Structure formats: structure tokens, C-alpha cells
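Contents: one structure, followed by commentary.
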Amino acid sequence: MSELEELRATVDLLAARVRALEDQAEIAQLVAEYGPAVDSGSGDAAAALWTEDGTFDAIPHLRMRGRGDIAAMVHGAGHQSLIHGGCGHILTTPHIVVDGDQASGRGYAFHVRWDPDAGRFWLFRVSANTWRWVRTAQGWRISERINANLDGTQEHRDMLAPPGRTMKGITP
Amino acid sequence: MSELEELRATVDLLAARVRALEDQAEIAQLVAEYGPAVDSGSGDAAAALWTEDGTFDAIPHLRMRGRGDIAAMVHGAGHQSLIHGGCGHILTTPHIVVDGDQASGRGYAFHVRWDPDAGRFWLFRVSANTWRWVRTAQGWRISERINANLDGTQEHRDMLAPPGRTMKGITP
Amino acid sequence: MSELEELRATVDLLAARVRALEDQAEIAQLVAEYGPAVDSGSGDAAAALWTEDGTFDAIPHLRMRGRGDIAAMVHGAGHQSLIHGGCGHILTTPHIVVDGDQASGRGYAFHVRWDPDAGRFWLFRVSANTWRWVRTAQGWRISERINANLDGTQEHRDMLAPPGRTMKGITP
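The structure is reproduced here in C-alpha cells:
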């Protein structure tokens, strides 16, 4: 190999590492957009974080399929009542594993609500979250999100187990 | 173009992508320094996260202009009482949009306080945060931060709306 | 220097910047794995985030030395009772300073618990966290974590002070 070819190979390897970093950063930022979108009542912006047919299960109440369902949730009476009363949906930067054009992750979501009489917030829910993302022509998008309350239910805490671990009650 | 020139062009593009990643990472780390600085009573370190004339509005009570005001807040009786009683100012990694030497972002801040009688914390505030940062010779610094309680006030939740969205009541 | 040599030098500098970004991202992801590991009861996965002889002080109750102690904490009756009752250990992305093959950082940990009668969570602890990490042949690992409640104790809030600051009561 010529010196130029060697350097080109070095640059190609470096480009792959940069792409891996970009994937991580872009997915983390995608997650960071969810809370602000729903807490400002921006249903279309929230829906646009998903693929066209992406899914969002807010266990046990809501089973959303596709962007239309997600926007409808944000624009619906229940969520509108929440944001008019004062609330926050605050997600952590998840653990992210990228595999080519797909990725998966685990993290948490706080759902806090304002109590105007007490002048403080209360912690309505703290949930386990699992994520699947896909690389699209427009960038990374959410293909699946599952949100389940950490209320001691085994299936909910098992969502947080490391990938590859065989979990009781869940076929790997 | 020679093969060497082609490779140089590839490297230049890669360098721009690395710089974009560095900007994101540096700004996220700048935000991660705020809580530790104020909760340890390090007023000068907190102030140094801002530009010399940077602003910080803690709506509705505090309107800080410049590093001196920010350090004075940390060293003041109110904040000192908070940290001696036990508190935490915990910010999320915001959504960050970099545009050359400027950047803007949206995120959340928890303000928690220790209750020694109950032996637990309570959620005093959960706030919408908007940020403006600028690239300086010393690195990225905060030029503007606005913090407003998510108590159902429309102007406060509108702070979290995606950039470019025309919001009710706020001229774009 | 030839043009090729110049370009190689540029690529070498870029590679160092990419490595710095990878270090930051990898350490942040290591921290993001802690909560999911312990809240899913995955003691071995939690322990594997540390070096073989890494330490974890959960002040004032637990003084863990080595992976065995950390796994034993997760598998122990106290922690098992917590996760069966419903809890979350939610850590923030810390401020991270990398120095060659070592790194240190500061951040927060929420410890929330489910109250089945009230149907909400309560904030058991919000703690200052200091971290030391080391680069190993398997990647970055935790060599030391200290977790201390932000209950107004000066030594605990001093943990959050910026590196290099001389703190009252703690020899620099």
C-alpha cells in the first residue's frame, strides 16, 4: 500500500468513529426533544420524533400506533388538562446501543405535576423506558417506545435489564 | 483534483463534523456544571459559566445581569440558607441547536429541597429553561438563561416549544 | 514537510480530538448504565461497571470494596425489597474531566420510591456524586464513586465544588 493509501485507510476508520459518535449524539438529542415537545403542547413536533408508523406504549393506558395517534394524545383533553394545570415530562439521556441503521436503549422518564395549593410539584410517575430507533433519510427516528411505571411490577423493572440478559418471564 | 487533494477535502469535511460534535459536547458539559457550582456555593465558578455580561432570569423573582449578579445570588443570604438546609439544582441535558458561533437550547431544571423532619426531599420547582450560548476565545459560555416554573402559565410552557414554531402570545 | 506529511499531521490531531469525544461519550454512557442495572436487579451488570477492585461509598451506610461487594448489595435483602416495592435510581450525566487514562466527575443521583397507597413517588434522596474512572483494556470503568445525601451537610455539598477549588474542611 502506498503512503497515500495508508492515510486514506486511516481517514476511513476515523470517519466511521465520527459517524458512531454522531449516531449517539443525534439519538440522545432526539430523546431530549420529547419532553419539551409534549410539555409545550406541540403535538406535531412530538409525533415527528417517531417514524410514520412508530409506536408508543404508555402502559397500561395508552397504545399509540403511528404519528397520528401521538399527535392526538398531545392535542387530546387529558394531556391539555395536564399542561394547563402544570406538568413536566422529563426524560434521562438513555443508554444507547447502535447496530448499523438500528439502535435500542433504556432510560427513565419523570412525570411531575404542579400542586397549586401546596405550591410544589409531586412525582406522579417515574417510569422505565425502552426505545428502538431507526436511521431514516431524515435522520434517526423513534420506531418504538415503551413507558411503564416503576411500581414494583417485575415486567416493568425487567425492561431496564442490560441487553442480552435473559429475563424471567420475557423471552429473549 | 489529485488524489491527495481529494483526501484533504475529505479530511476537511470530517474536521467540520468533529467540531460540530465538540460544540454539542462542550455546551452540554457547560450546563452540567451549573448545578454543582451553585449547590456547592461556588459563586465565582457559577458566574464563569456565563459571558461577562450574560443574563439569567429566574422568573419572577430574580433578574441577573452580568457575572457579578450571578455570583452575588450564590453568595447571598437566600441561596446560602438553601444550601445549608439541603437542596439540589438539577438540570437536564438540553436540546441544543448550534448555528456558527451561537447556539440555543431548551431543557428543564429541578429544584429540590431537603425536609429534615420528614427525612425526604420535596420538589419545590420544575422549570422550563431556555438557553443562548456564544463561542468565546475561552470556549462556549452562556449569554442568556431563562428559568420559569411549569405551573400551568402558558408563557412558561411555550418556552419549551420547538424553535421556529410560532407560539401564541410570543412574537417569533 | 511534504503535503502528504502535513495532511497526516492534520489527521493525527483530528484523531486525538475524536478520541477525546469518545472518552466523554463512553464515560457518560457508563454512568447511564448504573440505574437500569440496579433497578432491574442485575447485580453482575452493575458490578461490571466498576474495575475489579473499584469502590463505592454510599454514605453513611454502605462501604463497598470491589465488584463482589457491589453485586452483593444489589442481590441483598435491602435492595431486593426496594425494587419489589418500586424504586428508581436516576443519575444525571455528570461533568467529566478526562486526564489521559484517568477521569473524574461530579453529578447527582435521585433515589425515588413508589408509595402504593398514595399512588405516587416520593424523593427519598437526592445525592451529590463524585466519580473516578480509569481506562482499561475493556474500556472505561468506575474506580471510585461516592454518593452522599444533599441534606445540608457541608462535606456533602463540597463534593460538588469545581476541581481545583480549595474547599473548607477538605485537604485539596
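Protein chains in written order, with this note's numbering: chain A, 479 to 650; chain B, 479 to 650; chain C, 479 to 650.
Glycine included, each C-beta is placed from N, C-alpha and C at the ideal position.
Quick caveat, the model's predicted, so the values are computed rather than measured.
Proximal chain B residues relative to residue i, where beta-carbon distance stays under 7 Å
i      : result
C:Y586 : G513, G566, I568
C:G630 : H562, G563, G564, W592
Residue i at chain B interface by Cβ criterion, 8 Å
i      : result
A:W618 : no
C:R495 : yes
A:L527 : no
A:V489 : yes
A:K646 : Bear in mind that the predicted position of A:K646 carries a pLDDT of just 43, short of 50, making it too unreliable to give a figure here.
Buried versus exposed, by CB contacts within 10 Å (16 or more), residue i
i      : result
B:Q616 : exposed
B:E511 : buried
C:M479 : exposed
A:A555 : exposed
A:K646 : Annotation note: pLDDT 43 at A:K646 (below 50); position unreliable, no value reported.
C:D636 : buried
B:A626 : buried
A:D595 : exposed
B:G546 : exposed
B:H562 : exposed
A:R543 : exposed
C:H557 : buried
C:R486 : buried
C:G597 : exposed
Sequence-distant residues of the same chain with beta carbon closer than 6 Å to residue i, five excluded per side
i      : result
A:R541 : D535
A:G521 : A549, V552, H553
B:E468 : Outside the modelled stretch of chain B, which goes from 479 to 650, sits residue 468 of chain B, for which no answer is possible.
B:V583 : This sequence places Gly at residue 583 of chain B; Val is not what is there. Taken in chain order, the residues that qualify are P572, H573, I574, W609.
C:A523 : A515
A:A525 : R545, I548, A549
A:G513 : H567, I568, L569
Neighbouring residues, chain A, relative to residue i (Cβ below 8 Å)
i      : result
B:H573 : Q507, A510, E511, P514
B:L482 : L482
Cut-off 7 Å between Cβ atoms - residues of its own chain near residue i, not counting five sequence neighbours on either side
i      : result
B:R619 : L527, W528, T529, G532, W611, V612
C:P641 : V575, S582
B:T570 : G585, Y586
C:R603 : H589, N627
A:D517 : I561, C565, G566, H567
B:L638 : R584, A606
C:T649 : For C:T649, the pLDDT reaches just 37, beneath the cut-off of 50, and the residue's location in the model is therefore unreliable, although a value from the coordinates is still provided. None.
Closer than 8 Å to chain C by CB, residue i
i      : result
A:Q502 : yes
B:D535 : no
A:M479 : no
B:G546 : no
Beta carbon proximity, residue i to chain A, threshold 8 Å
i      : result
B:W600 : yes
C:R623 : no
B:L485 : yes
Under 7 Å by beta carbon: chain C residues contacting residue i
i      : result
A:P538 : In chain order: nothing, as chain C lies at least about 14 Å away.
Chain-ordered neighbours of residue i on chain A, where CB pairs are closer than 7 Å
i      : result
C:L492 : L492
Proximal residues of chain C, C-beta to C-beta of residue i below 8 Å
i      : result
A:R635 : D517, S518, G519, I561
A:V576 : Neighbours of A:V576 on chain C: none; closest Cβ ~11 Å, over 8 Å.
A:V612 : Within chain C, no residue comes near A:V612; the closest Cβ sits about 20 Å away, beyond 8 Å.
Residue span of the alpha helix (DSSP H) that contains residue i, given as start and end
i      : result
A:I561 : 555-563
C:A505 : Residue identity differs from the one stated: residue 505 of chain C is Ile in this sequence, not Ala. Run containing C:I505: 481-517, per the alpha helix (DSSP H) assignment.
C:G521 : 521-525
B:H589 : Run containing B:H589: none in the alpha helix (DSSP H); it sits in the beta strand (DSSP E), 580-593.
B:H634 : 632-636
Chain B residues whose Cβ lies nearer than 9 Å to that of residue i
i      : result
C:V552 : Within chain B, no residue comes near C:V552; the closest Cβ sits about 23 Å away, beyond 9 Å.
Spatial neighbours of residue i in its chain, beta-carbon cut-off 8 Å, leaving aside the 5 residues before and after
i      : result
C:D434 : Residue 434 of chain C cannot be examined here, being either before or after the span of chain C that is shown, 479 to 650.
C:Q502 : I574, V576
C:E504 : G617, W618
B:I537 : I624, N625, A626, N627, H634
B:G630 : none
C:W600 : V590, R591, D593
Where the beta strand (DSSP E) through residue i begins and ends
i      : result
B:A626 : 617-627
A:D531 : 528-536
B:A606 : 598-614
C:H573 : 573-577
Any C-beta of chain D under 8 Å from that of residue i
i      : result
B:W592 : Note that chain D does not occur in the displayed structure, where the protein chains are A, B and C.
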